[in-house]
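Notes to accompany the following structure.
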Amino acid sequence: MTRVFLAVLAAAVTAGNVPVHFADVTAKAGIHFEHENGAFGGKYLPETMGSGCAFFDYNNDGWPDIILIQGMHWPGHKERGRTTLKLYRNNHNGTFTDVTARAGLDIEMYGMGVAVGDYDNDGFEDLYITAVGQSRLFHNTGKGTFIDVTDKAGLGNRDAFSSSAMWFDYNRDGLLDLFVTNYVKWSEKTDVFCTVDGKTKAYCTPEAYRGATCWLFKNRGNGVFEDVTATSGIFDSTSKGLGVAMLDYDADGWPDVFVSNDTEPNKLYHNLQNGHFEDAALQAGVAFSTDGKARGGMGVDAADYNNSGIPALVIANFDNEMLGFYTAIRRGLYTDQAPQTEIGRRSRLSLGFGTFFFDADLDGFLDLFVANGHIDDEYSLRKNVQYAQPPHLFLNREGKSFVDIAKKIGGVFAEPKVGRGAAFADYDHDGDLDILMTTNRGPAYLFRNDLGNGNKCIRLRLVGTKSNRDAIGATVHLYHGNERASRMVKSGSSYQSQSELTLTFGLGSRDIAERIVINWPSGKTEEYRNLRAGRLYECTEGRGIRDMRHF
């Protein structure tokens, strides 16, 4: 692209002619969901935090299905009704069917987040649901149903206030391991009385509670997980983790872990390649804000937004803190660019949760979505800070700058909401990326991307053989002349949510992806040339590439 194109884009956005539009198709698609946080006036901290969502293909028909995580009523208030999460099967025609009961997932729990991964490499995606209390592992039988294997897998007897989670192969043995963030030490019995006016109970800030360590569970390959939290160097009881993202920040081929903490320093767990990690957040410049403060970190994502080959980090924070937008000065060292960009200026009064990089307009550069919403409607009394808040959609101008186009898109998409989880996928197989979003004690939203700029893309579904079957941790590099881009297959990111594992490379007006190089978690490298735009390709490690479908 050229400076002329950037000037035209800026003028178009200013004029209200945005290159991408997101239409609310929730009701039309058959999604009927209301989040329940159990609030009854007791002002319990977990009520402010839920919940997440995910796109995943539970029945292997090639179409993304939807799972929405649900809370529940507190003991003593169960007369208000039973609630369960919701699993919606994709009907291939833009609609979904509620299959929760027939899938065996109509189970009541105070759910918070979800991580999707094929932990036993049987070809079917399994679910780990984080919760207040006991989180649960559901094994996909491959017959359209799930079985609770939490205790059998060695993950039972662990009451906690768990938040985000992700699957990744930290030791590169071809088996997915499990990383879980825990927020604070909280229970109904230990609930603290906090107040603003000295009389009425209010929601506490996290400073009122002790932190809780994240967990790392090693996959032993026999359906059982081993808790290696302490021996791996992950243990840290001061953490108050809410978001987790995988990245390879030092480009050594081994997955590292970033944890966004609420009012505590963020963590960047550097993989030492021997089963151990060390916290490198301070040295890398991502532990604190630019003025040395620990902020209210919620959601997080890491991606190569400027096609430099080095991932950047975005962290959703509290209001009056702005987003953290850490870009690399050099490999292994970051600086927060938010204060100098529209990302910082536009997000200063927002409280962000779900956030992710994705190519909304298929121009080859990753854009940024942020779901916003405060923790308590009492904050509406504060000047310029509202409980329900509109989202941000920052359009990437060739990796040089961003412009927030959410307001220009308008409609339901731009309306204020109490946003929490967020994920993306091409649920309707038209080649562009759609958005799923949850709200606290409110509805879920499905926004269809109605891209009208004519841009094209290729989509890649990776299947590991020596690597884990989901190919989580694989990085794909696309080259076209002097241009390049990179994407990583990853679980986790956003906030308590997960996007599809299929990778999308926007090509702009090009008809061909000249060359792609796949770096598999096993260490194997494969290369393919001249892939046609408008196609979904399946790349199987060591077995070649298949043209699956045109969209």
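For what it's worth, the working numbering labels the leading residue of the sequence shown as 4, then goes sequentially.
Every residue gets a Cβ at the ideal spot worked out from N, C-alpha and C, and that includes glycine.
Distance between S502 and I519 (C-alpha atoms, nearest Å): 22 Å
D255 versus P78: straight-line alpha-carbon distance, rounded: 49 Å
Exposure of V260, with buried meaning 16 or more beta-carbon neighbours within 10 Å: buried
Pairwise C-alpha distance: R532 and S165: 44 Å
Bounding residues of the beta strand (DSSP E) (the contiguous stretch that carries V573): Nothing can be reported for residue 573: it is not among the residues displayed for the chain, which extend from 4 to 554.
Validate contact between the region 24 to 43 and the region 445 to 454 using beta carbons, cut 8 Å, 3 pairs: yes
Beta-carbon gap between D1 and Y206 smaller than 8 Å: Since the first and last residues shown for the chain are 4 and 554, residue 1 lies out of range.
Classification of D162 by the beta-carbon crowding that lies within 10 angstroms, buried from 16 upward: exposed
Residues near E281 in its chain [Cβ-Cβ closer than 8 Å; skip 5 each side]: G236, Y272, H273 and L275
Cα-Cα separation, V11 to D437: Residue confidence for V11 is low, a pLDDT of 44 falling below 50, so the modelled location carries little weight; the figure read from the coordinates is stated next. About 25 Å.
Residue of N96, L179, L71 and R92 minimising C-alpha distance to G120: L179
Nearest-angstrom Cα separation, counted from Y113 out to N94: 28 Å
A14 burial status per 10 Å Cβ neighbour count (16 or more: buried): Unreliable positioning characterises A14 in this predicted model, as indicated by a pLDDT of 44, which lies under 50. A coordinate reading is not provided.
Secondary structure of E517, DSSP reduced to three states: strand
Cutoff 7 Å; reference N222; Cβ partners in own chain excluding five residues on either side: Y122, L178, L179, D180 and F228
CA-to-CA distance, F416 to L396, given in whole angstroms: 10 Å
Test item: CB-CB of N1 and D370 under 8 Å: Residue 1 lies beyond the range of the chain shown here (4 to 554); nothing can be said about it.
One or two residues paired with I475 in a DSSP bridge: Note: I475 sits in no beta bridge, so no partner.
contact_flag[the region 342 to 349, the region 482 to 500] where n(CB pairs < 8 Å) is 3 or more: no
Boundaries of the alpha helix (DSSP H) in which A30 is found, first to last residue: T29 to A32
Complete runs of the beta strand (DSSP E) confined to the region 21 to 93 [at least 3 residues]: 25 to 27, 56 to 59, 68 to 71 and 89 to 93
Terminal residues of the beta strand (DSSP E) in which L130 lies: D129 to Q137
V195 burial status per 10 Å Cβ neighbour count (16 or more: buried): exposed
Euclidean distance between Cα positions of V183 and V388: 31 Å
Reduced DSSP secondary structure (H/G/I, E/B, other) of E541: strand
Cut-off 6 Å between Cβ atoms - residues of its own chain near G33, not counting five sequence neighbours on either side: T98 and F99
Nearest-angstrom Cβ-Cβ length linking G562 and S292, presumed shorter than 8 Å: Coverage of the chain is limited to positions 4 through 554, which leaves residue 562 absent and any answer about it impossible.
Contiguous beta strand (DSSP E) assignments of at least 3 residues, all confined to the region 435 to 507: 437 to 442, 448 to 452, 459 to 466, 478 to 483 and 486 to 491
Member of G424, P393, T144 and G295 whose CA lies at the smallest distance from the CA of G413: P393
Alpha-carbon spacing of A290 relative to N96, whole angstroms: 45 Å
Opening and closing residue of the alpha helix (DSSP H) in which K192 lies: No alpha helix (DSSP H) contains K192, which DSSP labels as neither H nor E.
Any alpha helix (DSSP H) of 4 or more consecutive residues that is wholly inside the region 276 to 311: 284 to 287
Where E401 falls: helix, strand or coil (DSSP): coil
When A26, L510, G495 and L506 are compared against Y482, the one with the closest alpha-carbon: L510
Assigned secondary structure, Q343 (DSSP; H/G/I helix, E/B strand, else coil): helix
First through last residue of the alpha helix (DSSP H) which encompasses K411: A409 to I412
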